[in-house]
Each structure stands twice: as structure tokens, then as C-alpha cells.
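Participant:
Residue numbers (UniProt numbering): 1 to 467.
As C-alpha cells, this is what we get:
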């Protein structure tokens with residue numbers, strides 16, 4: 001539930017969401033007419049009595065549909081454009097399409113609405129399924145009970161009230177994504193632009209896997225195996241629907257954006273399998289993960305087929321870095337995101353270790369041995385003199401003059417990605433024992449870890465991302 005008082009307009013707002021719908025209670029304290037404005041930004045809107053319906057383009061192939069009702073019929077309605085309302089017109093389309101509803105003498109107005117990625121009619125059905133009144137408190141109580149059930153999956157004891165608040169707030173945020181798109185047994189998939197039957201299994205998307213594979217997915221496997229199973233099956237459907245059978249890396253409601261780097265959905269697959277999750281086809285998951293790593297380029301933020309950089313990686317076991325001032329020659333590399341050679345090499349070594357483990361589970365001995373050997377590719381960028389992971393050029397020489405705190409430009413993307421060499425020093429998740437040996441043994445490793453926390457960056461994180 002969210003409540004706020006809009007000082008300048010003297011409007012009290014009370015709001016509660018359901019899954020695919022929500023309800024507002026609006027109290028207008030100023031004298032005179034009350035107005036509601038619906039803005040689609042880019043789409044269509046239509047007013048019919050006390051209902052507003054329409055859609056907004058999220059991108060070229062994905063629309064979000066709206067069906068809204070008010071508990072009172074407006075005195076008049078019209079199209080809002082350039083600050084002026086043209087009353088009498090009931091529909092509008094295009095960029096910044098907006099409708100204004102005017103209510104005379106009304107101090108309290110209830111609004112409820114449903115949304116859908118399928119159709120306006122489905123948005124209406126979603127609303128009717130979830131909300132049948134304008135009672136914000138009733139919907140808030142339902143939401144509170146559902147959240148208590150979700151957060152109650154983990155019981156904690158000890159610590160202060162503040163500690164518990166921090167813990168449960170963090171757990172709450174773990175439910176932020178991915179999002180269940182199923183609507184009455186159907187879902188819209190931006191991965192092929194079609195509406196599908198879900199077969200009784202919820203379809204999930206909007207999963208920022210580069211961020212969520214480390215902790216959120218492992219946690220969900222422990223506390224909600226059924227949902228995690230649905231998520232993995234959604235990955236496999238996405239791979240199939242895209243036509244490439246490449247495992248997604250950053251699936252959103254608009255499709256796979258391929259943001260960030262590496263192919264970490266493979267980690268979720270083997271983690272789930274090793275923890276007893278069996279409700280998905282491991283063979284299909286292996287093929288999709290392998291194709292995503294071998295057939296799609298490893299270039300960050302790209303969905304291009306593999307090319308020169310990928311062939312270089314397969315032959316030499318690392319992504320080559322450019323020397324300072326050297327011009328980029330690979331067209332698919334983003335001028336902003338760069339090659340991120342250390343981050344991609346270390347991330348892919350981990351992904352290939354995950355592939356080796358899945359291959360072993362499937363009895364694919366040769367594949368398991370092949371990918372296990374490749375999982376040691378992080379060694380190719382380890383600098384024994386500095387004991388950091390250090391970018392190399394295409395000739396196999398370490399780039400000179402690298403400062404592990406600052407080098408690499410915006411967010412260190414020339415070499416790393418949104419972190420510096422001090423942080424990427426530890427990115428060998430699958431072989432900590434070997435990393436300890438590389439750095440120099442337990443005592444040296446511990447001192448190096450302390451050094452990362454004790455050495456100041458010397459600038460704010462915002463400066464690091466922008467200097």
C-alpha cells in the first residue's frame with residue numbers, strides 16, 4: 001500500500017496493487033472540478049462513460065494494454081494536447097496520447113485498472129479476476145497476507161529490530177523479478193512476438209541474470225523450487241522462441257536485451273539440478289546453454305553470431321584487450337560498453353565450468369573434460385608479478401601501465417566491467433583453491449583480500465563510473 005499527499009494539488013492518494021491490477025482512492029480537497037489524466041506516451045486511448053481503455057507501445061513489437069474504471073461517471077472527457085483539452089473527442093492515438101476526465105463536484109474518486117500484454121479485453125478480465133471493489137484497504141490486506149506468506153518462508157531469530165528490518169527488506173527485494181506474465185493460461189512472448197498457451201506452467205521474464213545468478217537464484221532454489229523450475233522452463237521456451245536456441249542472458253518483457261556480459265543462466269541450471277530440482281529437461285538446457293556460449297558472440301551487450309573475438313577466445317583462451325589509444329576494429333563492440341576482456345574471460349571460464357558439470361550429469365564424458373579444461377582459462381590473464389588478473393593484447397603481452405583501481409575508462413569497461421581489478425581479482429567462483437595458490441597461499445590470499453577492503457578508491461563510485 002502506498003499513501004501520499006500531493007501538497008500543491010491538495011490531493012490525498014491511497015493506492016494498493018494486486019498482481020495484474022490495482023486500485024486508487026483519490027481525495028480532492030480544492031474546490032472546483034476534479035480531473036484525471038491518462039497518458040499513453042505512444043499508443044491509443046479511448047473513453048466510454050466511466051471506462052478508459054487502450055495500450056502503450058513498450059517497444060516496436062510489445063504493447064501493454066490498459067482497462068480502467070472509475071466509480072463515478074465523469075461530467076465530460078476529451079483529448080489533452082499541448083496543455084489544452086478538446087472536449088467531446090473520446091479517443092486519441094499517437095505520441096503523448098492523453099485523455100482528460102472532468103468530474104464536477106466530486107471530492108472522492110475511486111479508480112481501478114487492469115493491465116495485460118495480450119489485449120484490452122484481457123486487461124479487463126485481469127481486473128475482474130483480482131479486484132471487484134474500490135476498497136483500497138481490502139486489496140492492501142490481501143497483499144499484506146501474500147507478502148507475509150512469501151517473507152515467512154524464512155524465520156530469523158536474534159539480532160536487533162533494525163537487523164530484522166534489513167534482512168526482510170532484502171528478502172522482499174529478491175521477489176522484485178522475474179515477473180510472471182501468464183494471464184488466464186496464456187502469455188505474450190516478445191521472444192517471437194506471439195501469444196502462447198502456458199500449459200499450466202507460469203511464464204516468467206524480466207530477469208537480470210548477470211545480477212541475479214549469484215545469490216537470488218540460489219536462494220529461490222532453496223525456498224521456492226516450484227517457481228525456480230518455472231523460471232528455468234521459461235528460459236528454455238525463450239531459447240526456442242527466438243529461433244536460435246540460445247539461452248537468454250538478460251530476458252525482459254521486450255525480449256532478450258543481451259545486456260552486460262557472459263552467459264550465467266547456465267549457473268542457475270546446474271545449481272538447481274544439484275539441489276534436486278527435476279522439473280525441466282536438462283538435455284535441452286545443456287544444448288541451449290552451450291549454443292549461447294559457442295554460437296553467440298561473447299561481446300558484451302550483443303546478440304550477434306560469434307566472430308573474430310570468439311574465434312580468438314576459442315584458440316587462445318582469453319579475450320584480447322586493446323592497447324591505450326588503439327582503435328576498435330570489431331564492428332559489434334559497443335563504443336560505450338567496450339570489450340570488457342578480463343570480465344568476459346573470467347565470466348566465460350565460470351560458465352564453461354558450469355557446462356562441464358551439466359555434461360557430467362548427462363554422461364557426456366568428452367564434453368565434460370573439454371569444458372573443464374576450458375574452465376581454467378582465467379589463468380591466461382593472471383599476472384604472476386602483480387598477482388592480479390591483467391588484460392593482455394592479441395600478441396599475448398600484458399597491457400602496460402594498468403592501474404588496478406582506475407584504468408579502463410568509464411566503469412573500467414576497457415578491461416573489466418562496472419568494477420575494477422581489485423574486485424575482479426576474486427572472480428574465480430568455481431576454483432577458489434586454485435586462486436589461493438595463484439595468489440600465493442592462504443596467508444598472502446588473506447592479506448590480499450584485506451587489502452581490497454582497506455585500500456581506498458580515492459573517488460566516489462559516481463566518479464568511477466563517469467571519469
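Don't be surprised by glycine CBs; every beta carbon is placed ideally from N, CA and C.
Only a predicted model underlies this, so the values are computations on that prediction, with no experimental measurement involved.
How far does the beta strand (DSSP E) with residue 195 in it reach, from first residue to last?
Facilitator: 194-197 is the extent of the beta strand (DSSP E) around residue 195.
Participant: Consult DSSP for residue 84 and reduce its assignment to one of helix, strand or coil.
Facilitator: Here residue 84 sits in strand by DSSP.
Participant: Just curious, the alpha helix (DSSP H) that residue 143 is in, first and last residue?
Facilitator: Here the alpha helix (DSSP H) through residue 143 covers 136-151.
Participant: Of the choices 437, 212 and 420, whose alpha-carbon is the least far from that of residue 463?
Facilitator: Nearest of 437, 212 and 420 to residue 463, Cα basis: 420.
Participant: Within its chain, find whatever has a CB closer than 8 Å to the CB of residue 153; leave out the 5 residues flanking it on each side and keep chain order.
Facilitator: Result list for residue 153: 223 and 224, in chain order.
Participant: Which full runs of the alpha helix (DSSP H) of 4+ residues lie inside the region 416-453, going along the chain?
Facilitator: Fully enclosed alpha helix (DSSP H) runs of 4 or longer: 421-424 and 432-439.
Participant: Closest by CA to residue 441, which one among 387, 51 and 313?
Facilitator: Looking at the Cα atoms, 387 is the closest of the given residues.
Participant: List the endpoints of the continuous beta strand (DSSP E) containing residue 3.
Facilitator: Start and end: 2-6.
Participant: Just checking, does the region 398-411 make contact with the region 370-377 on the three C-beta pairs under 8 Å criterion?
Facilitator: In short, these stretches do not touch, since the Cβ pair count stays below three.
Participant: Between the Cα of residue 118 and the Cα atoms of 434, 238, 23 and 56, which residue gives the shortest distance?
Facilitator: Among 434, 238, 23 and 56, the Cα nearest to that of residue 118 is on 56.
Participant: Can you find the residues in the same chain that come closer than 6 Å, C-beta to C-beta, to residue 215, ignoring five residues on each side of it along the sequence?
Facilitator: Nothing meets the Cβ criterion.
Participant: Within the same chain, show all residues whose beta-carbon is closer than 6 Å to that of residue 254, passing over the 5 residues directly before and after it, in chain order.
Facilitator: Excluding sequence neighbours, residue 254 sits near 58, 59, 62 and 190.
Participant: Taking DSSP as the reference, what is the three-state secondary structure of residue 56?
Facilitator: DSSP places residue 56 in strand when its eight states are reduced to three.
Participant: Answer yes if the region 7-21 comes into contact with the region 138-158, meaning at least three C-beta pairs across the two stretches below 8 Å, and no otherwise.
Facilitator: As far as the Cβ criterion goes, the region 138-158 touches the region 7-21, which means the pair count is three or higher.
Participant: Assuming residue 424 contacts residue 349 under a Cβ cut-off of 8 Å, what Cβ separation, rounded to an integer in Å, is found between them?
Facilitator: The pair is not a contact, with the Cβ atoms about 12 Å apart (cut-off 8 Å).
Participant: Would you give the residue range spanned by the alpha helix (DSSP H) that residue 27 belongs to?
Facilitator: Residue 27 -> not in any alpha helix (DSSP H); beta strand (DSSP E) instead, spanning 21-28.
Participant: Assuming residue 78 and residue 89 are in contact, meaning their beta carbons sit under 8 Å apart, how far apart are those beta carbons, in whole angstroms?
Facilitator: Indeed they touch by this definition, with Cβ atoms about 5 Å apart.
Participant: Give me the residue from 171, 299, 162 and 182 with the minimum Cα distance to residue 116.
Facilitator: Nearest option by C-alpha distance: 182.
Participant: Out of curiosity, what's the CA-to-CA distance linking residue 283 and residue 268?
Facilitator: Approximately 14 Å, taken between the alpha carbons.
Participant: Looking at the strands, I want to know which residues DSSP matches up with residue 111.
Facilitator: DSSP, once it has assigned bridges, lists 24 and 70 as partnering residue 111.
Participant: Under 8 Å Cβ to Cβ from residue 5, same chain only, skipping five residues before and after it: list those, please.
Facilitator: So the qualifying residues of the chain are 11, 12 and 13.
Participant: Under the three-state reduction of DSSP, which class applies to residue 116: helix, strand or coil?
Facilitator: Three-state DSSP puts residue 116 in a strand.
Participant: Give the C-beta separation of residue 27 and residue 50 to the nearest angstrom, bearing in mind that I take them to be a contact with Cβ-Cβ under 8 Å.
Facilitator: So it is not a contact: roughly 18 Å between Cβ atoms.
Participant: Quick check: the region 192-202 against the region 228-244, are there 3 or more CB pairs under 8 Å?
Facilitator: Touching, yes.
Participant: Using the three-state DSSP reduction, which class does residue 126 fall into: helix, strand or coil?
Facilitator: In this structure, residue 126 counts as helix in the three-state DSSP scheme.
Participant: I need the straight-line Cα distance from residue 378 to residue 332, nearest angstrom please.
Facilitator: Approximately 24 Å between the Cα atoms of the pair.
Participant: Taking all protein chains shown into account, do 16 or more other C-beta atoms lie within 10 angstroms of the C-beta of residue 515, making it buried, or fewer, making it exposed?
Facilitator: This structure does not reach residue 515, given that the chain is present from 1 up to 467, and the question cannot be answered.
Participant: For the candidate residues 272, 264 and 445, whose alpha-carbon lies nearest to that of residue 218?
Facilitator: Among 272, 264 and 445, the Cα nearest to that of residue 218 is on 272.
Participant: Would you mind listing the alpha helix (DSSP H) stretches within the region 305-348 that are 4+ residues and don't spill past its ends, in chain order?
Facilitator: You should have 308-316.
Participant: Please state the DSSP three-state secondary structure of residue 17.
Facilitator: The answer is strand: DSSP assigns residue 17 an E or B state.
Participant: Rounding to the nearest angstrom, what Cα-Cα distance links residue 434 and residue 236 in this structure?
Facilitator: Straight-line Cα distance between these residues: approximately 33 Å.
Participant: Consult DSSP for residue 263 and reduce its assignment to one of helix, strand or coil.
Facilitator: If DSSP states are grouped into helix, strand and coil, residue 263 belongs with coil.
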